[in-house]
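Residue numbers (the numbering used here), protein chains in the order written: chain A, 116 to 399; chain B, 12 to 282. A short write-up of the structure that comes next.
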């Protein structure tokens with residue numbers, strides 16, 4: 116587990132973030148902070164707004180209201196060149212790996228180095244080997260993305276994400292589409308990288324096994340709002356405890372345990388179902 | 012919705028016109044973005060830029076030489092066979108070379124080549140970029156501070172532009188050759204004997220040049236429309252299919268509109 120430096124200045128600070136699609140708020144006043152070196156897991160059901168939140172953090176979506184500060188700078192008032200300078204300081208692992216299919220694995224990892232540094236080809240070649248070694252994929256350097264498995268694609272995507280030695284790593288559903296063993300391997304790789312590189316990590320997931328394995332701190336999103344933000348241990352207490360009668364805690368408990376009965380089910384049965392479906396559709 | 016069936020005919024027409032303006036606006040913004048990309052690339056060129064352009068020229072131009080030769084050769088054959096009976100009525104069948112030369116170089120060369128390229132390369136560019144959108148590759152590119160317009164759109168639009176210039180010239184010659192082969196095989200000695208001399212005497216540089224300008228304009232339009240459609244794919248594989256179809260449809264509409272505008276301009280200024 117990466118060390119939490121609670122007293123440090125946050126590398127990411129989000130205040131009162133509102134994102135609407137067709138007038139409907141998918142993010143409804145979200146606040147969060149990410150500190151250097153910590154692994155923050157953002158979780159929630161389908162359509163709760165967690166992927167939208169991630170896209171607002173990395174600058175591929177612009178919110179209607181609120182502030183997103185990365186490294187103390189408000190990214191929402193930046194122009195593209197300024198935003199690009201911030202982007203060079205973070206890396207992202209997309210759900211599918213998002214490798215460029217027309218390039219080999221090695222060329223994928225080399226791309227940010229070639230474009231954003233003045234390093235010569237030999238140095239870049241050595242760095243690519245080092246990055247691939249870090250994710251256990253050196254043997255795949257000359258393979259095309261279509262020739263490797265889903266787990267290897269994520270590893271390769273991760274090697275590309277850390278190519279420029281970022282200070283923050285974003286992960287969009289890193290366990291999606293992987294078998295449990297590969298998923299666990301990716302989890303340990305993420306923790307290993309966080310420790311070795313000292314980066315802050317923001318992970319969006321709804322895979323609870325993975326979330327509890329990697330998280331220092333967790334945030335539960337529901338209907339575009341932060342339901343709870345706390346250390347992993349507090350979520351573990353809720354998950355392992357008995358129902359309290361408190362709707363929020365019981366809702367979180369049901370989600371964490373994956374129970375078929377509880378406040379989420381009752382909410383759907385009470386007529387919120389249609390709203391939930393619309394919410395999910397709008398978030399896509 | 013632009014393509015919906017709801018509402019009265021006036022509303023539907025209005026929606027389509029609005030969609031047309033929005034589309035033209037989108038293309039203009041892409042073109043503006045592209046100009047910035049060209050300026051940045053020229054200021055700080057990288058070897059990869061040339062490699063990328065070369066790859067696209069092979070894909071758009073080199074691979075379509077065969078199909079352009081086939082189509083344009085037969086355009087020449089059809090022109091010769093269709094025109095001969097009428098010209099014979101006036102005893103002017105020897106003028107076939109003049110007509111094929113002027114119509115081929117001024118209009119049929121660029122326009123048929125553009126239609127072939129929109130189906131051959133435009134659709135393939137839209138499908139490629141659309142698949143990249145679906146696979147989150149474009150988003151990844153932006154997140155890595157790489158500009159998709161500069162990295163993807165620029166080499167593709169430049170390639171369609173350059174290839175259309177070269178292919179238009181090639182197409183002109185293929186149309187002329189198609190006419191000559193037809194004259195040689197079916198139309199008799201009085202038509203083919205001085206075929207090339209007549210064509211050379213009739214053609215002036217502006218005939219070739221106006222065709223070439225149109226070829227270049229069509230090339231830019233095909234590249235822009237294909238990239239625009241590809242980058243705006245929504246809804247997975249179905250969206251990619253729709254983008255490829257719409258690329259061909261919009262390209263052909265744009266080619267015909269641009270040809271009309273060019274013709275009016277050339278006519279007005281005596282070209």
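Just so you know, even glycine gets a beta-carbon here, dropped at the ideal spot from N, CA and C. Computed from a predicted structure; not experimentally measured.
Simplified DSSP assignment, three categories, for residue i
i, result
"residue 116/A", "Annotation note: pLDDT 46 at residue 116/A (below 50); position unreliable, no value reported."
"residue 181/A", "strand"
"residue 399/A", "Only weak support is given to the placement of residue 399/A: the predicted model assigns it a pLDDT of 47, under 50, and the question is left unresolved by the model."
"residue 259/A", "coil"
"residue 206/A", "strand"
"residue 12/B", "Unreliable placement is indicated for residue 12/B, whose pLDDT of 43 sits below 50; no coordinate value is reported for it."
"residue 290/A", "coil"
"residue 46/B", "helix"
"residue 298/A", "helix"
"residue 155/A", "strand"
"residue 121/A", "Residue confidence is low: residue 121/A scores 46 on pLDDT, short of 50, so the model does not pin down where it sits. Its coordinate-derived value is still stated next. If DSSP states are grouped into helix, strand and coil, residue 121/A belongs with coil."
"residue 173/A", "coil"
"residue 377/A", "coil"
"residue 20/B", "helix"
"residue 243/B", "coil"
"residue 29/B", "helix"
"residue 215/B", "coil"
"residue 384/A", "helix"
"residue 56/B", "coil"
"residue 103/B", "coil"
"residue 362/A", "helix"
"residue 163/A", "coil"
"residue 213/A", "coil"
"residue 311/A", "helix"
"residue 230/B", "helix"
Cβ distance (whole Å) where residue i is taken to contact residue j below 8 angstroms
i, j, result
"residue 317/A", "residue 172/A", "7 angstroms"
"residue 261/A", "residue 223/A", "The Cβ separation is near 12 angstroms, so there is no contact."
"residue 278/A", "residue 247/A", "Rounded, the Cβ-Cβ distance is 10 angstroms, inconsistent with contact."
"residue 299/A", "residue 153/A", "The Cβ separation is near 21 angstroms, so there is no contact."
"residue 126/A", "residue 150/A", "7 angstroms"
"residue 340/A", "residue 192/A", "Between residue 192/A and residue 340/A the Cβ distance is about 25 angstroms, and since that is not below 8 angstroms, they are no contact."
"residue 285/B", "residue 48/B", "Within the shown structure, residues of chain B are numbered from 12 to 282, placing residue 285/B beyond reach of any answer."
"residue 146/B", "residue 213/A", "6 angstroms"
Proximal chain A residues relative to residue i, where beta-carbon distance stays under 7 angstroms
i, result
"residue 156/B", "199, 202, 203 and 231"
Under 8 angstroms from the C-beta of residue i: neighbouring residues of chain A
i, result
"residue 249/B", "Neighbours of residue 249/B on chain A: none; closest Cβ ~14 angstroms, over 8 angstroms."
"residue 59/B", "229"
"residue 269/B", "Per Cβ cutoff of 8 angstroms: no residues; residue 269/B is ~31 angstroms from chain A at best."
"residue 146/B", "211, 213 and 216"
Chain B residues whose Cβ lies nearer than 7 angstroms to that of residue i
i, result
"residue 173/A", "154"
Enclosing alpha helix (DSSP H) for residue i [first to last residue]
i, result
"residue 266/B", "247-279"
"residue 269/A", "265-276"
"residue 147/B", "Per DSSP, residue 147/B belongs to no alpha helix (DSSP H) and is neither H nor E."
"residue 192/B", "165-193"
"residue 127/B", "120-128"
"residue 223/A", "220-231"
"residue 243/A", "236-249"
"residue 202/B", "200-203"
Neighbouring residues, chain B, relative to residue i (Cβ below 8 angstroms)
i, result
"residue 136/A", "Near residue 136/A there are no residues of chain B at all, since even the closest Cβ is about 13 angstroms away, more than 8 angstroms."
Extent of the continuous beta strand (DSSP E) to which residue i belongs
i, result
"residue 192/A", "Looking at the DSSP string, residue 192/A is not in any beta strand (DSSP E), and its letter there is neither H nor E."
"residue 146/A", "139-149"
"residue 136/A", "127-136"
"residue 286/A", "283-287"
"residue 320/A", "315-320"
"residue 344/A", "340-346"
"residue 337/A", "332-337"
Chain B contact residues for residue i, given Cβ-Cβ distances below 9 angstroms
i, result
"residue 207/A", "150, 151, 154 and 155"
Exercise. Inspect the CB distances between the segment 355-374 of chain A and the segment 183-201 of chain A and report whether three or more fall short of 8 angstroms.
Key: no
Quiz item: Do three or more CB pairs link the segment 154-171 of chain B to the segment 68-80 of chain B at distances below 8 angstroms?
Solution: Three or more Cβ pairs closer than 8 angstroms define a contact, and the segment 154-171 of chain B meets that threshold against the segment 68-80 of chain B.
Practice problem: Specify whether the segment 217-230 of chain B and the segment 84-97 of chain B touch according to this definition: at least 3 beta carbon pairs, one from each stretch, less than 8 angstroms apart. | Solution: no
Quiz item: Should the segment 117-130 of chain B be regarded as contacting the segment 22-31 of chain B, the criterion being three or more beta carbon pairs within less than 8 angstroms?
Solution: no
Quiz item: Would you call the segment 263-271 of chain B and the segment 230-245 of chain B in contact, with 3 or more CB pairs under 8 angstroms?
Solution: yes
Quiz item: Okay, do the segment 238-253 of chain B and the segment 173-185 of chain B touch, 3+ Cβ pairs below 8 angstroms being the bar?
Solution: no
Exercise. Answer yes if the segment 154-171 of chain A comes into contact with the segment 324-337 of chain A, meaning at least three C-beta pairs across the two stretches below 8 angstroms, and no otherwise.
Key: Yes: at least three Cβ pairs fall under 8 angstroms.
Quiz item: At a cut of 8 angstroms, does the segment 193-208 of chain B reach the segment 98-111 of chain B through at least three beta carbon pairs?
Solution: yes
Quiz item: Taking three-plus beta-carbon pairs below 8 angstroms as touching, is the segment 286-297 of chain A in contact with the segment 238-257 of chain A?
Solution: no
Self-check item: Cβ contact (3+ pairs, closer than 8 angstroms) linking the segment 192-211 of chain A and the segment 142-158 of chain B
Solution: yes
Exercise. Please confirm if the segment 250-259 of chain B is in contact with the segment 206-214 of chain B, defined as three or more CB-CB distances below 8 angstroms between the two stretches.
Key: These segments do not touch.
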